[in-house]
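Chemist: Those sequence lines, one after another, are chains A and B.
The numbering of the first sequence is this note's numbering, which starts it at 1 and goes up by one.
The numbering of the second sequence is this note's numbering, which starts it at 1 and goes up by one.
My questions will all concern the structure given below.
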Amino acid sequence: MDFLSLWVTLKLAIVTTIILLIIAAPLAYALAYLRFPGKSLFEALIYLPIALPPTVMGFYLIIAMGPHGFIGRAWGALTGGSLLFTFLGIAAASVLYSIPFAVQPMKAAFQKIDPRLLENASVLGLSRSAAFIRVVLPNSASGIVAAAILVFLHSIGAFGVLIMVGGSVPGVTKVASIAVYEAVEAMDYRTAGLMSLCFIPISYAFLLLVNRLNGDSKYGS
Amino acid sequence: MALDLRVRKRLHYFDMDLDLSCADGRMLVLIGPSGGGKTTLVRMLAGLSAPDEGRITFHGETWFDSDRGINVTPQKRRVGYVFQEFTLFPHLNLYENAAFAAVDKKEADQLLTLFGIGHLRRRKPHLVSGGERQRCALCQALARRPRMLLLDEPFSALDVGARRGLREELKSLKKVLDFPILYVTHDIGEALFLADEILPIVDGRIDREWIQRTIAREPATGNPARAAREPRLALAY
Numbered sequence: 001m002d003f004l005s006l007w008v009t010l011k012l013a014i015v016t017t018i019i020l021l022i023i024a025a026p027l028a029y030a031l032a033y034l035r036f037p038g039k040s041l042f043e044a045l046i047y048l049p050i051a052l053p054p055t056v057m058g059f060y061l062i063i064a065m066g067p068h069g070f071i072g073r074a075w076g077a078l079t080g081g082s083l084l085f086t087f088l089g090i091a092a093a094s095v096l097y098s099i100p101f102a103v104q105p106m107k108a109a110f111q112k113i114d115p116r117l118l119e120n121a122s123v124l125g126l127s128r129s130a131a132f133i134r135v136v137l138p139n140s141a142s143g144i145v146a147a148a149i150l151v152f153l154h155s156i157g158a159f160g161v162l163i164m165v166g167g168s169v170p171g172v173t174k175v176a177s178i179a180v181y182e183a184v185e186a187m188d189y190r191t192a193g194l195m196s197l198c199f200i201p202i203s204y205a206f207l208l209l210v211n212r213l214n215g216d217s218k219y220g221s
Numbered sequence: 001m002a003l004d005l006r007v008r009k010r011l012h013y014f015d016m017d018l019d020l021s022c023a024d025g026r027m028l029v030l031i032g033p034s035g036g037g038k039t040t041l042v043r044m045l046a047g048l049s050a051p052d053e054g055r056i057t058f059h060g061e062t063w064f065d066s067d068r069g070i071n072v073t074p075q076k077r078r079v080g081y082v083f084q085e086f087t088l089f090p091h092l093n094l095y096e097n098a099a100f101a102a103v104d105k106k107e108a109d110q111l112l113t114l115f116g117i118g119h120l121r122r123r124k125p126h127l128v129s130g131g132e133r134q135r136c137a138l139c140q141a142l143a144r145r146p147r148m149l150l151l152d153e154p155f156s157a158l159d160v161g162a163r164r165g166l167r168e169e170l171k172s173l174k175k176v177l178d179f180p181i182l183y184v185t186h187d188i189g190e191a192l193f194l195a196d197e198i199l200p201i202v203d204g205r206i207d208r209e210w211i212q213r214t215i216a217r218e219p220a221t222g223n224p225a226r227a228a229r230e231p232r233l234a235l236a237y
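Right, here's the structure in full:
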């Protein structure tokens, strides 16, 4: 049993979830409520990771994060280091890879809010950002929790994009899904089986929770 | 006058063209058939919708002027607005709703007591009746110390008993409010009971003969069953 890779997986899922909750909320708000030129193009771009093969996405991330890529050069100039084969690199890749799973449920939850509540908030003197914090977020709790769970699960299961960007550095970028793959390659089916078994109850329990939240919000509205 | 407006707006079925004023401490009741432009007008006053052209001034302050490109945001107009539908924030209890934009939180508490819902202050909106929710909405609007109060059929979703009680409370309250109140209804009885002035609006224009025409066409007195079906004709109030 490779506990170190389980720990890296957990750490990655937590970091990805926290970052995405912060980034995705304003993005989902913009997609739910604002009109701006190129909105549909922007929205399609956000959902692109769902449609792309993870290895294709990983390839472009290698190019962008590499020493000649725009992200890699900027990061190198700033820190003197590289993003490839680091935890930070796989965290960035995981965030980009999971972004649709955060934005979509949040956008759906924001759109469920009665627009008259927002009108009332504006008449009561709240700015758009204050209304977002005081009205939209508290009334979208189930959608936000669902987004967090989906991102967490998606990060736990990520493989292709992570192996492309991070390789398999034990304790740094080697996550559980990569450890399972390597165990199978090494014909170590016992370790692969034990590690795989860890995923099933966790994933199932979290998905049940998402379903429960969706059901609650349906009857609560 | 405290409020002066002259607005035009092209709507789906007609062109709105209105010119009206309202003084401080007066209640102007906008009456007329549904879809006549009353709510649109109130939304323009709140800043939630803009006229195509015209001018809205309040105590000399320009809120909207199409010629000068002025359109003051709802946040800066400081009006109290009670919507027809329930618009209390569902995640907050009645006190938190009333105090949502209160200048002084204690006033929110006092208003809840004044409107007889002080004992429900910890309840969420979905756990109280429609009448109690609209009372709270009034508290929420008043706690902001508005410069004008807009009431868009605030009691239309309530049963007859609750409406009657709230009308009476509003009439008493009106005596101590020193700002203009615009009240939208399609109920002539309600208008006669509450108004200092009644302004019938039909198809986006002032139509002062609308009430007489409506009463003459369908007298409600003498036929209580019909009056019950047609609340706008319930003149027996």
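Note that the Cβ used here is the ideal one computed from N, Cα and C, for glycine as well.
#1: Using three-state DSSP, classify Pro49 (chain A) as helix, strand or coil.
#2: Cα separation between Ser203 (chain A) and Gly72 (chain A)?
#3: Please name the residue, chosen from B:Lys175, B:Arg167, B:Ile31, B:Glu132, that lies closest to Ile211 (chain B) on a Cα-to-Cα basis.
#4: What is the DSSP secondary structure of Val42 (chain B), counted as helix, strand or coil?
#5: Can you list, in chain order, the residues of its chain with a C-beta nearer than 8 Å to that of Thr55 (chain A)? Leave out the 5 residues immediately preceding and following it.
#6: Using beta carbons (cut-off 8 Å, strictly below), is Glu85 (chain B) in contact with chain A?
#7: State yes or no: is the beta carbon of Tyr95 (chain B) nearer than 8 Å to at least one beta carbon in chain A?
#8: What number of angstroms, rounded off, separates the C-alpha of Leu20 (chain B) from the C-alpha of Asp4 (chain B)?
#9: Would you mind reading off the limits of the beta strand (DSSP E) that contains Val29 (chain B)?
#10: Determine the DSSP secondary structure at Tyr13 (chain B), reduced to helix, strand or coil.
#11: With distances taken between CB atoms, is the gap from Thr40 (chain B) to Ser34 (chain B) smaller than 8 Å?
#12: Helix, strand or coil for Thr57 (chain B) per DSSP?
#13: Would you check if the region 71 to 86 of chain A and the region 43 to 57 of chain A touch, i.e. whether three or more CB-CB distances between them fall below 8 Å?
#14: Rounded to whole angstroms, what is the Cα-Cα separation between Glu153 (chain B) and Lys9 (chain B)?
#15: Are Phe101 (chain A) and Val136 (chain A) close, meaning C-beta to C-beta below 8 Å?
#16: By the three-class DSSP mapping on this structure, what secondary structure does Val202 (chain B) have?
#17: Decide if Thr79 (chain A) is buried, meaning its Cβ has at least 16 other Cβ atoms within 10 Å, or exposed.
#18: Taking Cβ positions, are Glu132 (chain B) and Leu120 (chain B) nearer each other than 8 Å?
#19: Alpha carbon to alpha carbon, what distance is there between Phe83 (chain B) and Glu238 (chain B)?
#20: Val82 (chain B) lies in the alpha helix (DSSP H); which residues open and close that run?
#21: Start and end of the alpha helix (DSSP H) containing Leu173 (chain B)?
#22: Would you say Tyr249 (chain B) lies against chain A (beta-carbon separation less than 8 Å)?
#23: Go ahead and pull the three-state DSSP assignment for Phe64 (chain B).
#24: Report all residues from its chain with a CB closer than 6 Å to the CB of Ala121 (chain A); omit the five preceding and five following residues, and keep chain order.
#25: Quick one: list the residues of chain B neighbouring Pro138 (chain A), beta-carbon separation under 7 Å, in chain order.
#26: Pull the bridge partners of Asp188 (chain A) from the DSSP assignment, please.
#27: Tell me, please, whether the CB atom of Asn120 (chain A) is closer than 8 Å to any CB atom in chain B?
#28: Determine which residues of the region 117 to 131 of chain B have a Cβ less than 7 Å from any Cβ of chain A, and write them out in chain order.
#29: Contact between the region 180 to 191 of chain A and the region 6 to 22 of chain A: three or more CB pairs below 8 Å?
#30: Could you give the distance in angstroms between the alpha-carbon of Arg128 (chain A) and the alpha-carbon of His12 (chain B)?
#31: Quick one: is Val180 (chain A) near chain B, going by C-beta distance under 8 Å?
#32: Within 8 Å (strictly less), CB to CB, does Gly89 (chain A) reach chain B?
Modeler: Taking the definition as stated:
#1: helix
#2: 34 Å
#3: B:Ile31
#4: helix
#5: Gly160, Val161, Met164
#6: yes
#7: Using a Cβ-Cβ cut-off of 8 Å, Tyr95 (chain B) does not count as an interface residue toward chain A, since no Cβ of chain A sits closer than that to its own.
#8: 6 Å
#9: 27 to 31
#10: coil
#11: no
#12: If DSSP states are grouped into helix, strand and coil, Thr57 (chain B) belongs with the strands.
#13: no
#14: 22 Å
#15: Taking 8 Å as the Cβ cut-off, Phe101 (chain A) and Val136 (chain A) do not qualify as a contacting pair.
#16: strand
#17: exposed
#18: Taking 8 Å as the Cβ cut-off, Glu132 (chain B) and Leu120 (chain B) qualify as a contacting pair.
#19: Residue 238 (chain B) cannot be examined here, being either before or after the span of chain B that is shown, 1 to 237.
#20: First-last for Val82 (chain B): 80 to 82, but that is the beta strand (DSSP E), not the alpha helix (DSSP H).
#21: First-last of the alpha helix (DSSP H) with Leu173 (chain B): 160 to 174.
#22: Beyond the ends of chain B as shown, which are 1 and 237, falls residue 249 (chain B); an answer cannot be given.
#23: Residue state for Phe64 (chain B) is assigned as strand, using DSSP reduced to three classes.
#24: Ala131, Val135
#25: His91
#26: According to DSSP, Asp188 (chain A) bridges with nothing at all.
#27: yes
#28: none
#29: no
#30: 29 Å
#31: It does not: the Cβ of Val180 (chain A) has no partner Cβ on chain B nearer than 8 Å.
#32: When Cβ-Cβ separations below 8 Å define contact, Gly89 (chain A) makes no contact with chain B.
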